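Numbering (full-length UniProt numbering), first residue to last: 1 to 161.
Cβ coordinates follow ideal geometry from the N, Cα and C atoms, glycine included.
Only a predicted model underlies this, so the values are computations on that prediction, with no experimental measurement involved.
Below, the structure is given as structure tokens:
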């Protein structure tokens, strides 16, 4: 349908939203969410160590980032435990064996409208900040992981004002 196609176009940056009766938060930038610094895991961390770190820090997921800065994917407690229990991975395997490499990225300068479109289908998005290096290479730095809870908390907290 046209509505769903427009949402896909907005989510993927091909269309600016032109909704007449948009919520007050529609055009606010993702950077205003005041996200906490992310927990980032290196690809050589074992599944066992990843589980321990996530539980110790109170997280259920974390981005896995190579030393070069490339985002390899997300490791989640659920996916790790499911893979280990199904025999597809062992606790001693590196987290790269259990990462989810299907994820959405959103920039600090993107709108909360775009974020809301992403979160309609995905459980989270990785917030990235792009930095130009040399003349043509762009490096993405993980700035945070954002969920629907983060967006709802922001809207609810500021809606009450």
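- Message: One question on the structure: do residue 109 and residue 30 come within less than 9 Å of each other, judged by their Cβ atoms?
- Response: Locating residue 109 in the chain shown gives position 109, where the first residue counts as 1. Locating residue 30 in the chain shown gives position 30, where the first residue counts as 1. Yes, the Cβ-Cβ distance between residue 109 and residue 30 is below 9 Å.
(request) Pull up the CB-CB distance for residue 38 and residue 62, whole angstroms please, since I reckon it's below 8 Å. (result) Here residue 38 refers to the residue found at position 38 when the chain shown is read from its first residue. Here residue 62 refers to the residue found at position 62 when the chain shown is read from its first residue. Contact holds; Cβ gap of about 7 Å.
Check: Using the rule of at least 16 other Cβ atoms within 10 Å of the residue's Cβ for burial, across every protein chain shown, is residue 152 buried or exposed?
Finding: Here residue 152 corresponds to residue number 152 of the chain shown, with the count starting at 1. Exposed.
Any chance the region 111 to 126 sits against the region 82 to 97, with 3 or more Cβ pairs inside 8 Å? Verdict: no, contact absent.
Starting from residue 104, trace the beta strand (DSSP E) both ways and give me its first and last residue. Mapped onto the chain shown, residue 104 falls at position 104. Residue 104 -> beta strand (DSSP E) spans 104 to 107.
From residue 80 to residue 32, what does the alpha carbon distance come to, in whole angstroms?
-> The sequence position of residue 80 within the chain shown is 80, counting from 1. The sequence position of residue 32 within the chain shown is 32, counting from 1. Residue 32 has its alpha-carbon roughly 32 Å from the corresponding atom of residue 80.
Can you list, in chain order, the residues of its chain whose CB lies under 8 Å from that of residue 92, leaving out five sequence neighbours each side?
Locating residue 92 in the chain shown gives position 92, where the first residue counts as 1. Excluding residues up to 5 positions away in sequence, 46, 47, 48 lie with their Cβ nearer than 8 Å to the Cβ of residue 92 in the same chain.
- Would you kindly check if the distance between the Cβ of residue 75 and the Cβ of residue 99 is under 9 Å? If you number the chain shown from 1, residue 99 lands on position 99. If you number the chain shown from 1, residue 75 lands on position 75. Cβ atoms of residue 99 and residue 75: closer than 9 Å.
ask   = When the distance is taken between beta carbons, is residue 113 closer than 9 Å to residue 22?
value = Sequence index remark: in the chain shown, residue 22 carries index 22 (1-based). Sequence index remark: in the chain shown, residue 113 carries index 113 (1-based). Less than 9 Å separates the beta-carbon of residue 22 from that of residue 113.
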